[in-house]
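Residue numbers (this note's numbering): 67 to 282.
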Ligand SMILES: Nc1ncnc2c1ncn2[C@@H]1O[C@H](COP(=O)(O)OP(=O)(O)O)[C@@H](O)[C@H]1O
Ligand SMILES: Cc1cn([C@H]2C[C@H](O)[C@@H](COP(=O)(O)O)O2)c(=O)[nH]c1=O
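Quick look at the structure:
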């Protein structure tokens with residue numbers, strides 16, 4: 067039975083890499099897929115992994131009707147066996163409904179990849195709809211780690227290394243950005259709740275208040 071599968075995890079846990087691997091394994095067996103993405107860091111119409119691989123993709127702009135796109139492609143004689151969607155959190159809920167229709171009416175597997183929650187721990191609308199509609203939810207196996215060594219479960223947005231909690235839901239960016247830039251850091255829930263990033267934890271550890279008393 068064809069399925070709508072939602073592979074989710076924090077930022078930097080290997081979602082795009084897995085998307086590329088699934089595509090590679092299927093194309094190695096002669097299957098043909100369509101890859102959709104939205105607002106990848108590498109630019110429009112790209113699916114990129116931090117392992118260095120990048121492939122062309124169809125930019126799923128807000129006004130792109132995904133079911134109609136695939137039907138039109140097939141009516142031109144192109145074969146489509148499966149669909150991959152990266153950065154699925156950025157899709158509109160209606161586009162996720164279109165993906166469910168692709169599975170049910172066109173009989174294709176759809177593999178969607180994305181983060182579930184934003185920097186304020188709120189579900190992205192696209193991810194919420196995927197959780198509601200997916201046949202299967204898969205949590206990525208390669209767990210990202212918080213600076214404390216615990217499993218990272220949340221995405222923090224940082225400015226100058228400090229966690230921020232105000233701002234637009236969507237700001238394309240990356241982990242390991244220089245201190246001045248808007249960036250992201252994955253944290254365990256305990257440190258996300260306390261707004262403790264690696265930079266602020268490091269600064270606190272160096273503070274004279276917590277240094278052991280030495281000779282005068
Ligand atoms: N230099 C590296 N060597 C080995 N693995 C790396 C390296 N850089 C990144 N990775 C792996 O790639 C993962 C990020 O992959 P990516 O597919 O870009 O993540 P996501 O799409 O979930 O944000 C990291 O968690 C890490 O496992
Ligand atoms: C938490 C959070 C993330 N984003 C953006 C930042 C990146 O461009 C993507 C996630 O990409 P990845 O391949 O999973 O690393 O989402 C955002 O816009 N808003 C947020 O709150």
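Even glycine gets a Cβ: it sits at the ideal position worked out from N, Cα and C.
Under the three-state reduction of DSSP, which class applies to residue i: helix, strand or coil?
i	result
residue 134	helix
residue 122	strand
residue 267	helix
residue 198	helix
residue 140	helix
Find out if the Cβ-Cβ distance for the pair residue i, residue j is shorter than 9 Å.
i	j	result
residue 158	residue 134	no
residue 101	residue 149	yes
residue 71	residue 201	yes
residue 176	residue 80	no
residue 234	residue 241	no
residue 156	residue 78	no
residue 147	residue 92	yes
residue 109	residue 206	no
residue 214	residue 267	yes
residue 42	residue 263	Any answer about residue 42 is impossible in this case: the structure gives the chain only from 67 up to 282.
residue 41	residue 103	It is not possible to answer for residue 41, since the shown part of the chain is limited to 67 through 282.
residue 210	residue 256	no
residue 199	residue 160	no
Any heavy atom of ligand 4 closer than 8 Å to the CB of residue i?
i	result
residue 77	Of the ligands one can find in the structure shown, namely ligand 1 and ligand 2, none is ligand 4.
I think residue i touches residue j, with their Cβ atoms under 8 Å apart; what is that distance to the nearest whole Å?
i	j	result
residue 132	residue 169	That belief does not hold up - the Cβ atoms of residue 132 and residue 169 are roughly 11 Å apart, past 8 Å.
residue 85	residue 185	Not a contact, Cβ separation roughly 22 Å.
residue 222	residue 254	Actually they do not touch by this definition, with Cβ atoms about 10 Å apart.
residue 236	residue 107	Not quite, the Cβ-Cβ distance comes to about 13 Å (not below 8 Å), so this is no contact.
Start and end of the beta strand (DSSP E) containing residue i?
i	result
residue 202	202-205
residue 248	248-253
Using 9 Å as the limit for Cβ to Cβ distance, is residue i near chain B?
i	result
residue 235	Although the question refers to chain B, the structure presented lacks it and comprises just one protein chain.
What runs of the alpha helix (DSSP H), each 4 residues or longer, lie entirely inside the stretch 71-122? 81-94
Contained beta strand (DSSP E) runs [length at least 3] in the stretch 217-241, N- to C-terminal order: 220-225 and 228-230
Uninterrupted beta strand (DSSP E) stretches inside the stretch 147-189 (no shorter than 3 residues): 148-151 and 175-180
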